[in-house]
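Asks: One structure, as structure tokens, below. Some questions next.
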Amino acid sequence: MEFVVGPVLADEISGIESMPAAVSRIASMLDDPDADATAFARVLELDARLTADVLRLANSAWSQPTQPILTVRDAVMRIGAAVVLKMAVGSRTAQSLSRPSDGYDLGEGELWRHSVAAALAAERMGAYTKVAVPGAAFTAALLHDIGKVPLTRRLGRDGLRELWTLIESTDLTPLEAERRLLGTDHAEAGESIAREWGLPDALATAIGAHHDPDAAPTTVGDAVHVGNLVAKFVGVGLGSDGMAINMSDAAAHRLGLSSDKLEALCADVATGLAGAIELFEGVSHGA
Amino acid sequence: MKHVVGVSDMKVSRSPGDIIVTHALGSCLGIVLYDPVAKVGGILHAMLPQASVNPAKAEANPFAFVDVGTPAYIQTALAAGAQKGRLVVKVAGGAAMSTGADMFAVGKRNFLMLRKVLWKEGLMIKNQDVGGTISRTLYLEVETGQTWIVSRGEKWSL
Chain A
1 MEFVVGPVLA DEISGIESMP AAVSRIASML DDPDADATAF ARVLELDARL TADVLRLANS
61 AWSQPTQPIL TVRDAVMRIG AAVVLKMAVG SRTAQSLSRP SDGYDLGEGE LWRHSVAAAL
121 AAERMGAYTK VAVPGAAFTA ALLHDIGKVP LTRRLGRDGL RELWTLIEST DLTPLEAERR
181 LLGTDHAEAG ESIAREWGLP DALATAIGAH HDPDAAPTTV GDAVHVGNLV AKFVGVGLGS
241 DGMAINMSDA AAHRLGLSSD KLEALCADVA TGLAGAIELF EGVSHGA
Chain H
1 MKHVVGVSDM KVSRSPGDII VTHALGSCLG IVLYDPVAKV GGILHAMLPQ ASVNPAKAEA
61 NPFAFVDVGT PAYIQTALAA GAQKGRLVVK VAGGAAMSTG ADMFAVGKRN FLMLRKVLWK
121 EGLMIKNQDV GGTISRTLYL EVETGQTWIV SRGEKWSL
């Protein structure tokens, strides 16, 4: 598959703090039944900042250890490899996603809160769907709008104003308007970033397809698509595009979500959101 | 004083200097109640139509849900000095996604539920600005009962 995105936004993408190699290693190890805490620890210990983050989280008020946890292996056993992965991705992306994004009319931290809400929705979704939702959906949902970061940088304030004029004066959706102006859109740019970071294919594909999950449906892709909508329903990160996005009923049907289940998921996410944001902020700000 | 009403919350005031605002109404509903004689007014920002999807949450905070939150909100306004026969009701929000069928029509279901609840309460909607895809910010000036919406840098009265 050829990516036109790379060259188009190459400079802006390279300005985003990259995912450490350890993150993609952990992401692929999650599906490996033979990978135990020792194996995860070996990967994590290659990255000093990740090691520090994991130890901090394992000793935080959130995980409440009875005794201080001093080794990465014990930390992984305590909090679980999947949580380590979420936290590793979260702590690296919080900063990029927290900057105010004028063009999308999202205040400081709002895109980040939207991302956490979508991730929480993807994570809790399995309790409401008929199919099992893979753990990768959380990470993919957390990163689904990462492509807005290079887009915002490229367009600048004037470019973003132009983007909005285009959307208001034509029938173009925000995504189509991005393509008209830049030759790419934030979903495609996000997929490109995920591939550059070496994240697993399922994750990158789901990010790229989050506004169009029907072309080549996957459960992770469907979960990210619906997770983004749920974040909007609970009122987080509406931005200037509001609800002006396409949604796929087919994705909900594939997941086996009814409208009642969808609303129950919204209530669940709204309840857990403050705690999830706090957890990530504690880690990324070194609390 | 300016009061910001968050998602799943409400504010009723009888202080003449107060402005009540709620931001980013997407599929959520912003419901204004105002008694022009007592000069008591408020905004409820409800998220979902029915409490039955999560009774525990509804018990902890009824204002997340239109069906149980609206009657509780009306009671709050009455307790603050409003009279039901004088209450003016205005509604904003209830937006929908660009495409998709009823599965995701949370905004529409919110509005249908509100009409049902108001009918039971014997209240009518005076003005409404609902549907579409936009995100709305809703304001109420308590002294005058004036209400307005701001969206994408534009402002109009409700």
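Protein chains in written order, with the working numbering: chain A, 1 to 287; chain H, 1 to 158. Where a beta carbon is used, it is the ideal one built from N, C-alpha and C, also for glycine.
Kindly list the residues whose CB is nearer than 8 Å to the CB of E121(H), restricted to its own chain and excluding five residues on each side of it in sequence; keep chain order.
Replies: Residue 121(H) sits at position 121 when you count from the first residue of the second sequence. The residues are T70, P71, I74 and K84.
Asks: I'd like the list of long-range same chain contacts for A216(A), defined as Cβ closer than 8 Å, with 5 residues on each side in sequence excluded.
Replies: By 1-based counting over the first sequence, the position of residue 216(A) is 216. Correct list, in chain order: T205 and A209.
Asks: For the candidate residues L203(A), G183(A), S248(A) and M243(A), whose alpha-carbon lies nearest to that of P213(A)?
Replies: Here residue 213(A) refers to the residue found at position 213 of the first sequence. Looking at the Cα atoms, S248(A) is the closest of the given residues.
Asks: Give the DSSP-derived three-state secondary structure of L181(A) in the structure shown.
Replies: Looking up residue 181(A) in the first sequence gives position 181. L181(A) falls in the helix class under three-state DSSP.
Asks: Name the two residues that bound the continuous beta strand (DSSP E) containing L29(H).
Replies: What you label residue 29(H) is simply residue 29 of the second sequence in a count that begins at 1. First-last of the beta strand (DSSP E) with L29(H): L29 to D35.
Asks: One question on the structure: do A122(A) and N54(H) come within less than 8 Å of each other, judged by their Cβ atoms?
Replies: Locating residue 122(A) in the first sequence gives position 122, counting from the first residue. Locating residue 54(H) in the second sequence gives position 54, counting from the first residue. Result no, Cβ atoms of A122(A) and N54(H) do not sit closer than 8 Å.
Asks: Residues of chain B with CB under 8 Å from T205(A), in chain order?
Replies: Any reference to chain B falls outside this structure, whose protein chains are A and H.
Asks: Would a check of beta-carbon distances place G26(H) closer than 8 Å to chain A?
Replies: Taking the first residue of the second sequence as 1, we reach residue 26(H) at position 26. Yes - at least one Cβ of chain A is within 8 Å of the one on G26(H).
Asks: Taking three-plus beta-carbon pairs below 8 Å as touching, is the segment 180-198 of chain A in contact with the segment 139-159 of chain A?
Replies: Touching, yes.
Asks: Output the distance between the C-alpha atoms of A223(A) and I207(A), rounded to the nearest integer angstrom.
Replies: By one-based count along the first sequence, residue 223(A) stands at place 223. By one-based count along the first sequence, residue 207(A) stands at place 207. If you take the alpha carbons of A223(A) and I207(A), they lie about 11 Å apart.
Asks: Quick one: is V234(A) near chain H, going by C-beta distance under 8 Å?
Replies: Along the first sequence, one-based indexing puts residue 234(A) at 234. With 8 Å as the cut-off, V234(A) counts as an interface residue toward chain H.
Asks: Using a Cβ-Cβ cutoff of less than 6 Å, which residues in the same chain neighbour A119(A) once the five nearest sequence positions on both sides are dropped?
Replies: On the first sequence, residue 119(A) is found 119 positions in, with the first residue counted as 1. Here the set comprises F138, A141 and L142.
Asks: Would you list, in chain order, the members of the segment 239-266 of chain A that have their beta-carbon closer than 9 Å to a beta-carbon of chain H?
Replies: Correct list: G239, S240, D241, G242, M243, A244, I245, N246, M247, S248, D249, A252, H253, L257, S258, S259, D260, K261, L262, E263, A264, L265 and C266.
Asks: Please report the residue range of the alpha helix (DSSP H) in which S24(A) lies.
Replies: Walking along the first sequence from the start, residue 24(A) turns up at place 24. Start and end: A21 to M29.
Asks: Of all Cβ atoms in chain H, is any one closer than 8 Å to the Cβ of L229(A)?
Replies: Residue numbering aside, residue 229(A) sits at position 229 when the first sequence is read from its first letter. Yes, L229(A) counts as interfacial toward chain H.
Asks: When DSSP labels each residue in this structure, what does I245(A) get in the three-state scheme?
Replies: The count along the first sequence starts at 1 and reaches residue 245(A) at position 245. Correct three-state label for I245(A): coil.
Asks: Skipping 5 residues on each side, what residues in its chain have a beta carbon closer than 8 Å to that of P219(H)?
Replies: Since the displayed chain H opens at 1 and closes at 158, residue 219(H) lies outside it and no answer follows.
Asks: Can the beta-carbon of V291(A) be found less than 8 Å from the beta-carbon of L55(A)?
Replies: Any property of residue 291(A) remains undetermined from this structure, which presents chain A solely from 1 to 287.
Asks: By Cβ distance below 6 Å, which residues in the same chain neighbour A41(A) in space, the five residues on each side in sequence not counted?
Replies: Here residue 41(A) corresponds to residue number 41 of the first sequence, with the count starting at 1. The residues are V72, R73 and V76.
Asks: By a C-beta neighbour count over all protein chains shown, 10 Å radius and 16 as the cutoff for buried, is E178(A) buried or exposed?
Replies: In the first sequence, the residue the question calls residue 178(A) occupies position 178. Burial call: buried.
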